[in-house]
Every structure is written in structure tokens, then in C-alpha cells.
Amino acid sequence: MDYLELFQTKLHKLKRAGSNGQYIALCPYHEDRQPSFSVNVDTGLWNCKSCGVKGNAYQFAKDMDMDKPHQYIQETNGYVKPYEPIQHDLDCETLLVKYLDNLDTYSHTLPESEINLEVLSDLGIGFDDNGNLVFSYWNDGKVVGFKHHKVRTAGYAKNHWYHSMKIPDFRHDKPLIICEGEKDIIPLIQWGNQAVTNTGGAKSIPKIDNDYDLKVFQEFESIHICYDNDDAGREGSDTLSKVLRDAYPTKSIKVYQWANDLPDKWDIWDSFTKNKAECFYDAQSNAKSVEINNKIGGLKLINGFDATKMNIMPKKQIIQNLLPEQSQIIFGGTTGSNKSFMAMQMGMSLANDESEFLGFKINVKGLKVLYLDTECGENVFVSRYKMLQETFNWKGSERFFMLTGSSGMGNVYDSLETAIQQVNPDIVIIDCLYNTTEGADISKNHHIQPIIKRITKIKEKYQVTILAIHHMNKGGHELGLTKDRVSGGSALQNWAEHMFLITKTNEQSKRLLKIDKSRHIDYPECYYELEWNSDKKQLINVGVCADYKKLLIGNDKKYKWEKVLNYVEDEFTTAQAVEYITTCMGKSERTAYEWLREMKNCNVIKSNDYGKYEKKLKLVGKD
269 MDYLELFQTK LHKLKRAGSN GQYIALCPYH EDRQPSFSVN VDTGLWNCKS CGVKGNAYQF
329 AKDMDMDKPH QYIQETNGYV KPYEPIQHDL DCETLLVKYL DNLDTYSHTL PESEINLEVL
389 SDLGIGFDDN GNLVFSYWND GKVVGFKHHK VRTAGYAKNH WYHSMKIPDF RHDKPLIICE
449 GEKDIIPLIQ WGNQAVTNTG GAKSIPKIDN DYDLKVFQEF ESIHICYDND DAGREGSDTL
509 SKVLRDAYPT KSIKVYQWAN DLPDKWDIWD SFTKNKAECF YDAQSNAKSV EINNKIGGLK
569 LINGFDATKM NIMPKKQIIQ NLLPEQSQII FGGTTGSNKS FMAMQMGMSL ANDESEFLGF
629 KINVKGLKVL YLDTECGENV FVSRYKMLQE TFNWKGSERF FMLTGSSGMG NVYDSLETAI
689 QQVNPDIVII DCLYNTTEGA DISKNHHIQP IIKRITKIKE KYQVTILAIH HMNKGGHELG
749 LTKDRVSGGS ALQNWAEHMF LITKTNEQSK RLLKIDKSRH IDYPECYYEL EWNSDKKQLI
809 NVGVCADYKK LLIGNDKKYK WEKVLNYVED EFTTAQAVEY ITTCMGKSER TAYEWLREMK
869 NCNVIKSNDY GKYEKKLKLV GKD
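In the numbering used here, the protein residues as written are 269 to 891.
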């Protein structure tokens with residue numbers, strides 16, 4: 269490695285001073301008038317007999333801002349020996365007092381700009397006996413080393429974030445500025461900012477055990493980077509901004525932009541000392557935000573620390589317990605349960621600023637509702653609308669919109685999106701989901717997924733609440749209202765953020781309503797009894813139904829089960845019931861056991877012991 273060429277490029281009056289590669293020159297670390305800088309071009313080692321600075325070729329190249337200084341690291345038999353700062357057994361507390369006392373002595377050497385000496389003292393910045401600025405390094409509240417400006421480091425002054433001792437006193441809601449040099453800290457603080465700098469230069473980021481040392485930035489909401497106006501500064505700020513963005517995806521990160529007409533290497537210190545603070549403020553106002561790169565495919569990467577600081581607002585409930593805002597909701601119902609009338613009544617109640625719907629409090633007023641009808645056609649749907657108007661004495665609402673027609677619908681979601689753009693609704697009701705699937709087999713997840721993805725996209729794009737009316741599987745009423753009864757593959761059930769269900773009962777005018785899923789709100793896990801007025805086409809909430817299982821039993825099963833229970837005693841065995849069902853009623857043994865299981869699930873009978881039952885629910889005869 270040619271160390272001679274390295275030193276020739278930066279040393280003034282370099283000349284040979286003997287054998288074995290020894291040269292002398294004027295020291296570049298202080299104002300040297302007589303050559304006091306000694307260098308060995310064979311080993312790359314050097315020292316100054318005047319100011320005391322010493323090091324190796326790597327440190328020299330680094331101090332002189334040479335490109336790729338690592339190429340000058342000394343190698344000995346394959347062992348790489350990097351530069352290590354001079355370590356002195358220093359009485360740092362005493363030295364700091366001395367350096368601060370020198371502020372008055374050497375203050376005349378400072379730039380003409382008005383530098384506040386109190387600011388320097390507060391930052392632990394003073395002068396050594398040679399008139400060099402000295403920056404103090406701290407750890408755990410104690411001064412541990414010093415950097416003599418462009419001369420040497422002493423003590424435990426090593427590559428880390430300078431001025432970090434002040435971070436506990438900084439405001440976390442105010443931007444933290446990262447600048448390129450220790451001197452830039454002075455004007456930033458004097459201008460009322462809070463700042464740190466990297467002591468290793470623009471192209472370096474402090475590390476701890478080979479991981480970037482970024483913990484000092486955890487608490488700050490916003491981080492700004494202002495490096496020098498040169499290639500090294502731009503490259504360094506770009507690298508640092510990307511590292512910070514990867515570590516803290518949710519933070520606001522900005523990079524200041526110097527004006528194009530400013531000289532190369534212009535920095536914050538120049539803006540301060542040359543009375544051109546406006547250059548800094550222009551760079552600040554033209555700062556570019558670092559784009560969030562936390563999206564990985566369709567997923568979002570969130571740092572655990574930032575997650576704890578994210579302000580997640582709870583979902584507003586448009587209708588208490590029933591309708592959380594900006595959610596994808598399924599309203600499932602059995603055939604003939606009047607779910608469409610209920611959905612229309614809900615939409616019209618919202619559009620007419622009613623105080624409640626079916627006894628559930630309406631919390632938001634002034635909403636627009638868009639109702640997509642895919643079943644009735646224009647004539648029937650409008651007739652239903654007029655019927656509800658008359659029932660509730662509504663004058664009509666300019667905030668209730670109907671998207672309907674009797675002819676082919678074409679691509680229904682294209683039409684829906686166009687209508688949303690025109691109407692700008694808050695609530696979109698789809699009646700019903702099945703009719704929008706264009707013949708897809710909704711029992712298969714890969715068929716239903718493109719449809720629910722389209723609905724989700726619409727919801728997110730237009731910030732609306734989506735209520736999709738959907739069918740429930742036939743049979744199984746006795747098992748109650750559960751999300752598993754919703755028709756279709758598991759993807760549909762998983763997609764729903766909120767779900768409420770309605771079913772017919774064994775009494776002609778009674779319906780049961782239950783909320784069975786919500787990701788965003790707490791909800792009562794009870795059954796509500798609804799009364800259907802067929803004349804007025806109106807549902808009325810009677811209240812919580814305690815004996816809902818009795819209403820869920822089909823009349824045919826009620827008749828059959830009653831025959832069995834009339835035969836057995838109040839307490840009976842499995843064998844007694846099975847014998848009657850198979851012998852007297854002519855059913856299979858499998859059917860007998862299935863009836864017993866269903867009666868137990870419906871609370872008609874209770875298992876007291878293995879193979880023993882007790883009558884619990886009184887059944888009525890066939891209607």
C-alpha cells in the first residue's frame with residue numbers, strides 16, 4: 269500500500285528526514301510554522317511533536333475527508349488493526365472546568381456572529397490552552413472525554429451521538445435535528461432547536477455490537493436530518509434516513525434541502541457565521557419527507573416500540589352495538605325473516621335522523637345512505653319504501669338513495685362505485701350479497717375472495733360503512749344464531765368485522781336477533797325478541813329474550829319431541845327414550861340419539877348423569 273502518495277496529497281512541505289521511510293512536514297492539525305509532523309510512509313504511523321496528535325494512515329485519511337479511508341487500515345499478517353483514539357488517564361471534571369474558564373480568554377477567536385457563551389458553557393464546549401475549540405463527551409451524566417477541534421481526541425471520546433446527554437431534557441413532540449458536525453450543534457441550539465450529531469462524519473452511523481445505535485431516537489415523533497451541502501452529506505443523509513425509516517416506520521422523518529446556488533460544503537455553521545440564517549430556514553422549509561417504506565406486499569411493518577405509542581381511536585358506533593363506523597358488516601338472516609325490511613328501516617332511520625332504531629341508540633346524525641337493491645326491482649322496492657314512509661310518518665329524505673332496477677345489472681360493483689362517487693354516502697347497504705357474486709360458488713373460498721376484496725377496496729377508498737345482507741344456511745335453527753350458519757366459505761365469515769343475525773321462529777310473528785361477532789366493539793351476547801307487524805311491514809324490539817331456545821325449535825320437531833317426552837317419566841334413561849323412538853315411532857337408532865342430542869342442546873332435557881336425563885322445557889303441541 270502506497271502511504272507516501274496519501275501523505276503527499278495532504279501535507280505541506282513533505283520531505284525525507286532520514287532512512288526507513290521517515291518524513292517530516294507542517295502539521296495539518298494546528299497552525300505549524302516549523303515542520304513538526306513526523307510520518308513513516310512504510311508503516312503509515314505518524315505523530316506531531318508540537319500538538320501531540322498521533323495515529324495511523326486510516327485515521328489521517330479519515331480526518332482529511334479522503335475517499336474510502338478504510339483502504340488505509342494497517343494490515344499485519346492478515347490482522348486488521350483499525351485506529352484507536354488516544355486514551356489518557358484524564359481528570360475530565362477538572363479539565364472541563366479549565367476549558368470552560370478559557371471561554372473568555374479565546375472568545376475573540378470566535379466568528380463575528382453573536383455566539384452566546386452561556387450556550388457554549390451549557391453544551392460543555394470550551395477552549396484548550398492552544399485556543400482550539402474543545403467538545404466534551406458524556407456518559408451517564410459524567411464527562412468522559414474531549415475532542416479538540418481538528419487536533420485530537422482524548423479520553424473516551426469515540427464515535428457516538430454527540431450531545432446525547434441533553435436528550436432527556438428534550439421535548440418528544442418537537443423535531444430532533446441530526447446535523448453533521450459538533451460545531452453545527454451551537455447555532456441549532458442557539459436558534460431554539462434540539463439537536464445531536466454523529467461524531468464519525470456524514471458516512472458513518474454509530475453502532476453497538478454491530479447494530480445501529482438508534483435508541484436515542486425512540487421517543488421522538490419527528491426526526492430531521494441536516495447534513496452538509498456536498499456529495500458526502502447527501503449520501504450520508506440518504507443512508508441515515510433509510511436506516512431510521514426501517515427502524516421507526518411510523519415516525520415523521522425529513523431531510524433538509526440546501527439551495528442549488530449555495531457553495532459546495534455549505535453547512536449550518538456557515539449559515540450562522542456568515543449571517544445567512546435564511547439559508548438554513550430555506551433548507552428547512554424545503555425539507556423532503558422520507559416516504560414510508562413499511563409496506564411489504566399487502567402487509568404493513570410496524571416497530572414494536574412505535575406500536576405502543578400509536579394512538580388507535582376506538583370505532584365510533586353509528587348505531588349502538590349494531591353498526592360500527594367504516595366497517596365491513598354482514599347482516600345474515602333466514603328466508604322469510606324480513607331482513608330486507610329491517611335493513612330498509614335501518615337506512616331510513618339513519619337518513620331521517622331518528623334517535624333510535626329498534627331500541628338501539630343512533631349516535632350519529634346527518635348521514636347519507638345508499639341502498640343497493642339486487643332482488644326486488646324498481647317497482648317493488650319503491651313500493652316498500654313508500655310503505656315504510658307511511659308507517660313511520662317520514663316525509664322522505666334527500667339523504668336516502670336507492671340504486672335499483674329491473675333489467676340486467678351488468679357489473680354491479682362498477683355501478684355501485686359510480687353511484688358512491690355521485691352520492692358520497694356514509695353507509696352503503698348491499699341487498700343481497702349473493703346476487704352480486706355473478707354466479708360464483710360462494711361455498712368455495714377462492715370464488716368469494718375476489719368479491720370481498722372488491723368490497724373492502726370500496727370501503728377503504730371511499731371511507732364508508734358497508735352492510736351486506738346475506739343468507740343463512742337452511743336447517744339447524746335449534747343450534748341458535750351463530751356466525752357458522754352464515755352461507756358460504758370460511759373466508760366470508762372471517763372477512764366480516766361485525767355480524768348480526770336474524771331468524772324466523774316457530775311463532776309466525778316473532779323473530780330473534782343476535783350480534784355474534786365484532787372486532788371493534790364490545791357487544792351484549794343476548795337474544796333480542798322482535799315482533800313483526802305484517803300490516804305495517806314493521807319490526808318492533810320487544811326486549812331481551814330469556815327463553816329463546818323454545819322459539820328456535822321447529823314445529824315438526826316440537827310435535828315429535830313432545831310425543832317422546834309424554835311417554836317417558838320426568839326422569840328417564842337413554843335406553844327408555846331410544847326404545848320408544850325406534851319401536852313405537854319407527855325411527856332408526858341413529859335418529860333417536862340425534863333427537864336426544866338436539867333436545868339437550870335446546871335445553872328441553874338436561875343430562876343428570878351418564879345415560880340419565882331430566883325434563884327441563886315444557887313444549888306445546890303442534891300449531
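Quick reminder that beta carbons are idealized off the backbone N, C-alpha and C, glycines included.
- For H356, which three-state DSSP category applies? Within the sequence shown, numbered from 1, the residue matching residue 356 stands at position 88. Unreliable positioning characterises H356 in this predicted model, as indicated by a pLDDT of 48, which lies under 50. The coordinate reading is nonetheless provided below. Three-state DSSP puts H356 in coil, outside helix and strand.
With DSSP run on the structure shown, which of helix, strand or coil describes F488? Walking along the sequence shown from the start, residue 488 turns up at place 220. Correct three-state label for F488: coil.
>> For a quick check, are the C-beta atoms of I446 and L508 less than 8 Å apart?
In response: Mapped onto the sequence shown, residue 446 falls at position 178. Mapped onto the sequence shown, residue 508 falls at position 240. Between I446 and L508, the C-beta spacing is below 8 Å.
Could you tell me which whole alpha helix (DSSP H) segments of length 4 or greater appear in the region 731-762?
Counting only runs of 4 or more, we get nothing.
Quiz item: What do you get for P337, buried or exposed, if any count of 16 or more other CB atoms within 10 angstroms of its CB means buried?
Solution: Here residue 337 refers to the residue found at position 69 of the sequence shown. It counts as buried.
Any contact of the region 574-593 with the region 702-710, i.e. 3+ C-beta pairs under 8 Å?
By the C-beta criterion, the region 574-593 is judged not to be in contact with the region 702-710, since fewer than 3 inter-stretch pairs fall below 8 Å.
Exercise for review: Find the nearest neighbour of G460 within the set L444, N288, S651, judged by alpha-carbon distance.
Suggested key: The residue labelled residue 460 in the question sits at position 192 within the sequence shown. Nearest Cα to G460 within the set L444, N288, S651: L444.
- Task: Report the residue ranges of all beta strand (DSSP E) runs contained in full by the region 549-628; include only those spanning at least 3 residues, in chain order.
- Result: Listed in chain order, the beta strand (DSSP E) runs fully inside the region 549-628 are 585-587, 596-601, counting runs of at least 3 residues.
Legend entry - Residues bridged to V309 (per DSSP): By one-based count along the sequence shown, residue 309 stands at place 41. According to DSSP, residue pairing for V309 in a beta bridge does not occur.
Check whether the Cβ atoms of A555 and K522 sit closer than 8 Å, and answer yes or no. Position 287 of the sequence shown, counted from the start, is the residue given in the question as residue 555. Position 254 of the sequence shown, counted from the start, is the residue given in the question as residue 522. In this structure, K522 lies closer than 8 Å to A555 by Cβ.
Run of the beta strand (DSSP E) containing S287, from where it starts to where it stops
Within the sequence shown, the letter at position 19 stands for residue 287. Neither: S287 is in no beta strand (DSSP E) and is coded neither H nor E.
Following a CB-centred definition, is G312 positioned closer than 7 Å to any heavy atom of the ligand SAM? The ligand SAM is not part of this structure, which contains no ligands at all.
- For V402, the three-state DSSP class (helix, strand or coil): As a working mapping, residue 402 is identified with position 134 in the sequence shown. In this structure, V402 counts as strand in the three-state DSSP scheme.
* So, helix, strand or coil for G423, using DSSP? -> Translated into the one-based positions of the sequence shown, residue 423 becomes position 155. Strand, per DSSP.
Nearest candidate by alpha-carbon position, reference T603, set D310, L391, L769
For the purposes of this step, residue 603 is taken as the residue at position 335 of the sequence shown. Minimum Cα-Cα distance from T603 among the listed residues D310, L391, L769 corresponds to L769.
**Cut-off 6 Å between Cβ atoms - residues of its own chain near Q355, not counting five sequence neighbours on either side** = As a position in the sequence shown, residue 355 is number 87, starting the count at 1. Model confidence at Q355 stands at a pLDDT of 49, short of 50, so the residue's coordinates are unreliable; what they give is reported in the following sentence. So the list is empty, once near-sequence residues are dropped.
For W314, report the span of its alpha helix (DSSP H) as first-last.
Against the sequence shown, residue 314 aligns to sequence position 46. Residue range 314-316 is occupied by the beta strand (DSSP E) that includes W314, with no alpha helix (DSSP H) assigned at that position.
* Proximity below 8 Å, CB of I688 to CB of L638 -> To locate residue 688, count along the sequence shown from 1; it is residue 420. To locate residue 638, count along the sequence shown from 1; it is residue 370. The answer is yes: Cβ separation under 8 Å.
| query | Going by the beta-carbon positions, is the gap between P517 and L482 smaller than 8 Å? | reply | Stepping through the sequence shown from its first residue, residue 517 is reached at position 249. Stepping through the sequence shown from its first residue, residue 482 is reached at position 214. In this structure, P517 lies away from L482, with their beta-carbon atoms at least 8 Å apart.
Short of 8 Å in beta carbon distance, which residues of its chain neighbour K868, apart from the five on each side in sequence? Order them along the chain. For the purposes of this step, residue 868 is identified with residue 600 of the sequence shown, where counting begins at 1. Correct list, in chain order: K874, S875, Y881.
ask   = Would K583 pass as a contact of V632 if the rule is Cβ separation under 8 Å?
value = Counting from one through the sequence shown, the residue named residue 583 turns up at place 315. Counting from one through the sequence shown, the residue named residue 632 turns up at place 364. The Cβ atoms of K583 and V632 do not sit closer than 8 Å to each other.
- Item | Burial state of Y271, where buried means 16 or more other Cβ atoms lie within 10 Å | Taking the first residue of the sequence shown as 1, we reach residue 271 at position 3. With 16 or more other Cβ atoms within 10 Å, it is buried.
Q) V484 and W429 look like a contact to me (Cβ under 8 Å); what is the Cβ gap, rounded to whole Å? A) As a first step, residue 484 must be located in the sequence shown, where it is residue number 216. As a first step, residue 429 must be located in the sequence shown, where it is residue number 161. Confirmed, about 5 Å.
Outcome for K527 when other beta-carbon atoms lying within 10 angstroms are tallied against a minimum of 16 = Position 259 of the sequence shown, counted from the start, is the residue given in the question as residue 527. The amino acid at residue 527 is misidentified as Lys; the sequence shows Ala. Classified as exposed, A527 has fewer than 16 neighbouring CB atoms from the shown chains inside 10 Å of its CB.
* Count the other C-beta atoms from every protein chain shown that fall within 10 angstroms of the C-beta of Q613, then say buried if there are 16 or more, exposed otherwise. => Here residue 613 refers to the residue found at position 345 when the sequence shown is read from its first residue. The residue in question, Q613, is buried, as its Cβ has 16 or more Cβ neighbours within 10 Å.
Under a Cβ-count criterion, where at least 16 other Cβ atoms within 10 Å of its own Cβ denotes burial, should E450 be classed as buried or exposed? The sequence position of residue 450 within the sequence shown is 182, counting from 1. Counting Cβ neighbours within 10 Å, E450 comes out buried, since at least 16 surround it.
- prompt: Out of N370, G409, D408, K410, which has the shortest C-alpha to C-alpha gap to N400?
  reply: For the purposes of this step, residue 400 is taken as the residue at position 132 of the sequence shown. It is N370.
To the nearest angstrom, how far is the alpha carbon of F275 from that of V511? Taking the first residue of the sequence shown as position 1, residue 275 is located at position 7. Taking the first residue of the sequence shown as position 1, residue 511 is located at position 243. When rounded, the distance between both Cα atoms is 34 Å.
For this session: Could you tell me the distance, in whole angstroms, from the CA atom of I821 to the CA atom of D752?
Result: On the sequence shown, residue 821 is found 553 positions in, with the first residue counted as 1. On the sequence shown, residue 752 is found 484 positions in, with the first residue counted as 1. Rounded to whole angstroms, the gap between the alpha carbons of I821 and D752 is 18 Å.
Discussion item. Suppose you measure from the CA of V872 to the CA of P693; what does that come to, to the nearest Å?
Written reply: As a working note, residue 872 is residue 604 in the sequence shown. As a working note, residue 693 is residue 425 in the sequence shown. Cα to Cα, the separation comes out at about 47 Å.
- Item | Residues near H431 in its chain [Cβ-Cβ closer than 6 Å; skip 5 each side] | Reading the sequence shown from its first residue, position 163 is the one you call residue 431. Setting aside the 5 residues that flank it on each side, H431 is surrounded in the same chain by I453, V464, each with a C-beta closer than 6 Å to its C-beta; the list follows chain order.
Can you check which of these residues, T851, V412, W863, is closest to K364 by C-alpha distance? Within the sequence shown, residue 364 is the residue found at index 96, counting from 1. Looking at the sequence itself, residue 364 is Leu, so the reference to Lys does not match. Out of T851, V412, W863, the CA that lies nearest to the CA of L364 is found in V412.
Given a threshold of 16 other Cβ atoms within 10 Å of its Cβ, counted over all protein chains shown, does L567 qualify as buried or as exposed?
In the sequence shown, counting from the first residue as 1, residue 567 sits at position 299. Taking every protein chain shown into account, the CB of L567 has fewer than 16 other CB atoms within 10 angstroms, so this residue is exposed.
Measuring only the C-alpha atoms, how far is L378 from D396? Stepping through the sequence shown from its first residue, residue 378 is reached at position 110. Stepping through the sequence shown from its first residue, residue 396 is reached at position 128. Going by C-alpha positions, L378 is about 14 Å away from D396.
Backbone CA spacing between K322 and S287 [nearest angstrom]: Along the sequence shown, one-based indexing puts residue 322 at 54. Along the sequence shown, one-based indexing puts residue 287 at 19. Rounded to the nearest angstrom, the two C-alpha atoms are 20 Å apart.
Between which two residues does the beta strand (DSSP E) carrying E862 extend? Locating residue 862 in the sequence shown gives position 594, where the first residue counts as 1. Here E862 belongs to no beta strand (DSSP E); instead the alpha helix (DSSP H) covers 857-869.
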